[in-house]
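Novice:
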Amino acid sequence: MAIAMKIASQISKSSWIRKMFEEGERLRQEFGADKIYDFTLGNPDVEPPESFSRELLELAQNPLPGMHRYMNNAGYAETRSAVAEKISKDAGFAVPAGNIIMTCGAGGALNVVLKTILNPGEEVIILAPYFVEYKFYIDNHGGVPVEVWTNRDTFQLDIDAIEKVITAKTRAIIICSPNNPTGVIYPAESLKRLGDVLGKIHKRNGHLIYVISDEPYARIAFDGQQVPNIFPLVESSIIVTSHSKDLALPGERIGYLAANPRMATAGQFMEGAVFSNRVLGFVNAPALMQRLVAKLQDESVDIAAYQAKRDLLVNELSGMGFSIVKPNGAFYLFPKSPLVDDIEFVKLAQKFHILLVPGAGFGAPGFFRIAYCFDIDMIERSLPAWRALAKEVGLKG
Ligand SMILES: Cc1ncc(COP(=O)(O)O)c(C=O)c1O
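Each number in this note's numbering comes from the position in the sequence shown (counting from 1) with 24 added on.
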């Protein structure tokens with residue numbers, strides 16, 4: 025085989041979204057794009073805020089000397105300060121710029137963190153349903169993913185279940201709030217409980233377990249909700265995030281990581297993480313994007329538009345008989361599959377020209393994911409097809 029067996033095997037396990045995308049392309053060619061209702065990809069179809077283009081133009085017309093050169097591997101001081109100022113506001117205490125590293129998206133940040141902290145064979149707890157790339161990122165750095173379910177009725181943290189899977193080899197827990205794929209936000213009380221459990225373990229035997237808080241959807245919260253900042257709640261926490269979703273810049277690969285200054289080991293962690301950013305080959309986050317996002321820390325795409333799409337889909341699909349936990353943020357729904365086999369249900373949906381991802385793709389069989397980061401017209405046009413699909417599986421429709 026021309027490629028490593030492990031990669032070949034991982035490709036076959038990770039291909040749900042890709043499979044759906046390919047099926048979508050086939051159906052679009054056969055029936056025309058306007059007849060296919062594709063809810064598979066979490067690729068925002070909105071444009072970045074207007075301020076982004078304004079700043080980009082300003083920079084192009086008034087270039088700074090040396091603005092395309094290498095820099096400190098952690099990023100520009102000005103950008104790290106802007107990010108630190110925003111996080112300090114959210115956390116309620118000072119987070120120094122030295123605790124920030126600009127990264128190639130949240131995916132880049134996750135890889136930097138995992139490379140920095142993992143010894144071979146150490147375990148990282150991931151919470152089903154989860155963003156499937158976590159497993160591959162953990163494996164990239166010699167770690168072992170340990171899956172544990174969130175509460176199956178609410179998708180909230182099940183701290184007792186997490187406690188039960190902690191072993192002497194546990195190095196980290198990855199959480200994601202607002203969550204992909206469920207859209208739920210973890211409230212401050214449950215994050216604090218998690219922090220207390222880990223704090224006790226640390227005190228008891230010096231075993232440090234990091235909470236890696238993956239937050240690319242943190243600015244996409246509905247009904248006036250605020251996503252609690254993890255730093256005051258969990259001492260051993262590291263934020264990883266990006267502007268892929270909140271500024272609609274996924275192709276630009278710009279994000280950052282931030283280490284909680286209350287963590288005694290933050291200095292050593294940062295030294296390791298700057299080195300990892302370099303030797304993973306990222307070297308530094310894209311220079312031009314760093315200049316731009318430094319000016320956009322309080323901006324985001326139109327959250328009300330996402331909320332309107334959530335409301336439309338939750339109301340319509342619940343009315344048809346689908347069982348859905350109403351999400352508080354991000355742009356996903358994760359309803360129960362009306363058929364026991366979620367893969368069978370997703371295949372059936374294709375017959376109605378609706379493209380979905382099975383829960384199995386998120387370590388959570390028995391559910392399916394809808395991404396609704398698409399034009400509201402497409403969502404409205406899809407409703408008769410949803411009704412017919414609901415009837416076909418014995419729901420009200
Ligand atoms: C939960 C979660 N984490 C990380 C990422 C990776 O984001 P980025 O594009 O910033 O690397 C995504 C992207 O969809 C995501 O949904």
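For glycine and all other residues, C-beta sits at the position ideal for the given N, C-alpha and C.
Computed from a predicted model, the values in this text were never measured in an experiment.
Taking 6 Å as the limit, tell me which residues put their C-beta closer than that to any heavy atom of ligand 1, in chain order.
Specialist: Result (chain order): GLY66, GLY129, ALA130, GLY131, PHE155, CYS200, ASN204, ASP238, PRO240, SER266, SER268, PRO274 and GLY279.
Novice: Check the C-beta distance from LEU379 over to GLY56 and give it rounded, since I have them as a contact under 8 Å.
Specialist: In fact, because the Cβ distance is near 14 Å, the residues do not count as touching under 8 Å.
Novice: Alpha carbon to alpha carbon, what distance is there between GLN374 and GLY223?
Specialist: Their backbone Cα atoms lie some 48 Å apart in a straight line.
Novice: Would you check if the distance between the CB atom of PRO202 and the CB atom of ALA354 is smaller than 9 Å?
Specialist: Yes, Cβ-Cβ distance for PRO202 and ALA354 is below 9 Å.
Novice: Could you check whether the segment 272-279 touches the segment 115-124, counting it as contact only if at least three pairs of C-beta atoms, one from each stretch, sit closer than 8 Å?
Specialist: With a cut-off of 8 Å, the segment 115-124 and the segment 272-279 do not count as touching, because too few Cβ pairs lie within range.
Novice: If I measure Cβ to Cβ from ALA412 and keep anything under 6 Å in the same chain, skipping five residues before and after, which residues do I get?
Specialist: For ALA412, where only same-chain residues beyond five positions count, the Cβ hits under 6 Å are PHE376.
Novice: Quick one: residues in its chain with C-beta nearer than 6 Å to the C-beta of GLY421, no 5 flanking neighbours on either side, listed in chain order?
Specialist: MET344, ARG411, ALA414 and LYS415.
Novice: Under a three-way DSSP split, which group does ASP62 fall into?
Specialist: In this structure, ASP62 counts as strand in the three-state DSSP scheme.
Novice: Over the uninterrupted alpha helix (DSSP H) stretch that includes THR103, give me the two end residues.
Specialist: Taken as a continuous stretch (DSSP letters only), the alpha helix (DSSP H) holding THR103 covers 101-115.
Novice: Can you pull the DSSP bridge partners for PRO382?
Specialist: Its beta-bridge partners are PHE392.
Novice: Rounded to whole angstroms, how far is the Cβ of SER266 from the Cβ of GLY129, which I believe are closer than 8 Å?
Specialist: Right, their Cβ atoms sit about 4 Å apart.
Novice: By the three-class DSSP mapping on this structure, what secondary structure does THR289 have?
Specialist: In this structure, THR289 counts as coil in the three-state DSSP scheme.
Novice: If we call anything under 9 Å between Cβ atoms a contact, is LYS110 one with ASP322?
Specialist: Yes, the Cβ-Cβ distance between LYS110 and ASP322 is below 9 Å.
Novice: According to DSSP, what are the bridge partners of ILE198?
Specialist: Bridge partners of ILE198: ILE150 and ILE236.
Novice: Does the Cβ-Cβ distance between LEU363 and VAL317 come in under 9 Å?
Specialist: Their beta carbons are not under 9 Å apart, which means LEU363 does not touch VAL317 by this criterion.
Novice: With DSSP as the reference, please indicate the residues paired to SER266 in a beta bridge.
Specialist: For SER266, which the question treats as bridged, DSSP gives the partners GLY279.
Novice: Quick check: the segment 153-163 against the segment 126-141, are at least 3 beta-carbon pairs closer than 8 Å?
Specialist: With the cut-off at 8 Å, the segment 126-141 and the segment 153-163 touch.
Novice: THR127: which of ILE197, SER77 and VAL107 sits nearest, CA to CA?
Specialist: Of the listed residues, the one whose Cα sits closest to THR127 is VAL107.
Novice: Can you give me the C-alpha to C-alpha distance between ILE41 and ASN229, rounded to a whole angstrom?
Specialist: So the alpha carbons of these two residues sit roughly 42 Å apart.
Novice: I need the DSSP call for VAL317, collapsed to helix, strand or coil.
Specialist: Residue state, collapsed to three classes: helix.
Novice: Hey, out of ASN175, VAL325 and TYR330, whose CA is closest to ALA388's CA?
Specialist: Of ASN175, VAL325 and TYR330, the residue nearest in Cα terms is ASN175.
Novice: Expressed to the nearest angstrom, what Euclidean distance is found between the alpha-carbon atoms of SER75 and VAL221?
Specialist: Using only the alpha carbons, I get a separation of about 43 Å.
Novice: Any idea if VAL235 is buried or exposed, counting beta-carbon neighbours within 10 angstroms, 16 or more meaning buried?
Specialist: VAL235 should be labelled buried.
Novice: SER268 and PRO87: beta carbons closer than 9 Å?
Specialist: For SER268 and PRO87, no; Cβs fall outside 9 Å.
Novice: Going straight from the alpha carbon of ARG17 to that of LEU181, what length do you get?
Specialist: With the chain running from 25 to 421 in the structure shown, residue 17 is simply not present.
Novice: Is the beta carbon of TYR100 closer than 9 Å to that of GLN250?
Specialist: No, the Cβ-Cβ distance between GLN250 and TYR100 is not below 9 Å.
Novice: Using beta-carbon positions only, say whether VAL258 and LYS216 come within less than 9 Å of one another.
Specialist: The answer is yes: Cβ separation under 9 Å.
Novice: Compare the C-alpha of LEU246 against each of PHE391, LEU407, ILE125 and ARG334 and name the closest.
Specialist: First, the residue type needs correcting, since residue 246 is Phe and not Leu in the sequence shown. Checked all of PHE391, LEU407, ILE125 and ARG334; the closest Cα to PHE246 is ARG334.
Novice: Can the beta-carbon of PRO205 be found closer than 9 Å to that of PHE386?
Specialist: Against a cut-off of 9 Å, the Cβ pair of PHE386 and PRO205 comes out as a contact.
Novice: Near ILE60, what residues of its chain come up, given a Cβ to Cβ distance below 8 Å and the 5 sequence neighbours on each side ignored?
Specialist: These residues qualify, in order along the chain: GLY48, LEU51, ARG52, HIS377 and LEU379.
Novice: On the criterion of 16 or more Cβ atoms from any shown chain inside 10 Å, does ARG243 qualify as buried, or is it exposed?
Specialist: Buried, because 16 or more other Cβ atoms sit within 10 Å of the Cβ of ARG243.
Novice: Determine the closest residue to ASN296 out of ALA98, ARG93 and ALA185, with distance taken between C-alpha atoms.
Specialist: It should be noted that the sequence gives Gly, not Asn, for residue 296. When each option's Cα is compared against that of GLY296, the closest is ALA98.
Novice: Quick check: what's the CA-CA separation for VAL170 versus LYS37?
Specialist: The alpha-carbon atoms of VAL170 and LYS37 are separated by roughly 17 Å.
Novice: Between which residues of its own chain and ILE400 is the CB-CB distance below 8 Å, once the five residues before and five after are set aside?
Specialist: Here the set comprises ALA329, ALA332, LYS333 and LEU336.
Novice: Grab the span of the alpha helix (DSSP H) containing THR140 for me, first residue to last.
Specialist: Note, THR140: alpha helix (DSSP H), 129-141.
Novice: Based on the DSSP output, what are the partners of PRO310 in its beta bridges?
Specialist: Bridge partners of PRO310: none, in fact.
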